[in-house]
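Undergrad: The sequence shown maps to residues 1065 to 1289 in my numbering.
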Amino acid sequence: MSKFTLHKYGEGWEFAPEGMFSRKVVENRTTRKKFSEARQKALQDEERTHTLTEELLEKYERAVLVDPLTGIYNTRTFFRKLSYELKRAKRYKRPLALLVMSVDRLGHYSHDYSAMIVDDIFFAVASFMRDAVRDVDIPACCGKDHLAVIFPETYSSRAVKVGERIREQLSSQPISEDLRNIRITVSIGVVSFPTHGREENDLLLKALDFHDEARRRGGDRVYSG
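1. Can you give the beta carbon distance from ARG1222 to ALA1161, rounded, assuming they're within the 8 Å contact cut?
2. State the Cα-Cα distance for the pair LEU1152 and ASN1245, rounded to the nearest angstrom.
3. Below 8 Å on the Cβ atoms is my guess for VAL1286 versus VAL1189; work out the distance and round it to an integer in Å.
4. Count Cβ pairs between the region 1178-1188 and the region 1261-1279 that sit closer than 8 Å; are there 3 or more?
5. Could you please give me the residues that DSSP links to ARG1285 through a beta bridge?
6. Take the Cβ of ASP1131 as the centre, count every other Cβ of all protein chains shown within 10 Å, and call the residue buried at 16 or more, exposed below.
7. Report the CB separation of VAL1167 from ILE1248 in whole angstroms; it is logged as a contact under 8 Å.
8. Taking the C-alpha atoms as reference points, what is the distance between THR1139 and ILE1239?
9. Which of the three DSSP states is assigned to HIS1260 in this structure?
10. According to DSSP, is TYR1177 part of a helix, a strand, or is it coil?
11. Using beta-carbon positions only, say whether PHE1142 and ALA1212 come within less than 8 Å of one another.
12. State the Cα-Cα distance for the pair GLU1119 and LEU1133, rounded to the nearest angstrom.
13. For ILE1185, does the three-state DSSP call read helix, strand or coil?
14. Let's test the definition: count the other Cβ atoms within 10 Å of the Cβ of TYR1173 and tell me whether it reaches 16, buried, or not, exposed.
15. Looking at the unbroken beta strand (DSSP E) that takes in ILE1202, where does it start and where does it end?
16. Within its chain, find whatever has a CB closer than 8 Å to the CB of ASP1284; leave out the 5 residues flanking it on each side and keep chain order.
17. So, for GLU1075: in the same chain, excluding its five sequence neighbours on each side, which residues have a beta-carbon less than 8 Å away from its beta-carbon?
18. Kindly indicate the opening and closing residues of the beta strand (DSSP E) around VAL1167.
19. Apart from the five residues on each side of it in sequence, which residues of its chain come closer than 7 Å, Cβ to Cβ, to MET1193?
20. Is it buried or exposed for PHE1068, if we count other Cβ within 10 angstroms and need 16 for buried?
21. Can you have a look at HIS1175 and say buried or exposed, based on whether 16 or more other CB atoms are within 10 angstroms of its CB?
22. Take SER1220 and list the residues in its own chain whose beta-carbon comes closer than 6 Å to its own, dropping the five residues that flank it on each side.
23. Leaving out five residues before and five after SER1178 in sequence, what residues of the same chain have Cβ atoms less than 6 Å from its Cβ?
24. Taking the alpha-carbon positions, what's the LYS1208 to ARG1158 distance?
Here's what the structure looks like:
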């Protein structure tokens, strides 16, 4: 004689053990659903945390590597990049070119207008320079008033062409709507490894010498020796 007792579940009568089994199934499904939802939320939280970490890291790297005014590499990063690319050029016996430039009569703009105008000019020139080079080239600040481009795997002849393009664009069109009455010219010096030097200091000093020579000759020109 069965000892099962009858209980009412839902709309009918069934054995208690069967009803208990049904409840266990429902509870198990509910538990699995909650676990799945909790796992999904944990994965979303982890992904969100990872994204935030990447964003913070990117902001930190940008603060360390990039000049806040121009948006290109700062001077410290320029020297690090130049050292690295020069070592690479030596190791693989490949060419490297270096361009150094500055805005002609920058002090004049500061005196006649304002320091804010000088910042606008410097930003615009840096933007022109950045847009004129390849992704593999390295535009950067080089000291307070100079800008530079490192050209890996490049002879000076190509760097001179890029410099001429930058010079012509700047001198032939307004740098912005607000500064449409100001004509900007630049002086540019271009050197290459190993022709003008084998060490970073030698290359940089020669590039600055050529830049100064371009300025002595009246500015608005590219000089490469």
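Glycine included, C-beta positions come from ideal geometry on N, C-alpha and C. The structure displayed is predicted, hence computed values, not measured ones.
TA: Judging by the given coordinates:
1. 7 Å
2. Per the sequence shown, residue 1152 should be read as Arg rather than Leu. Near 44 Å, if we compare the C-alpha coordinates of ASN1245 and ARG1152.
3. VAL1286 to VAL1189, Cβ: 14 Å. No contact.
4. no
5. SER1251
6. buried
7. 6 Å
8. 24 Å
9. coil
10. coil
11. yes
12. 20 Å
13. helix
14. buried
15. 1202-1205
16. ASP1168, ARG1231, SER1235, THR1249, VAL1250, SER1251
17. Any reading at GLU1075 needs caution, since the residue's pLDDT is 47, under 50, leaving its predicted position unreliable; the model's value is listed next. There are no such residues.
18. 1160-1167
19. PRO1203, LEU1211, VAL1213, ILE1230
20. At PHE1068 the pLDDT is 47, less than 50, meaning the model places this residue with poor confidence and gives no usable figure here.
21. exposed
22. ALA1161, VAL1254, SER1256, SER1288
23. none
24. 30 Å
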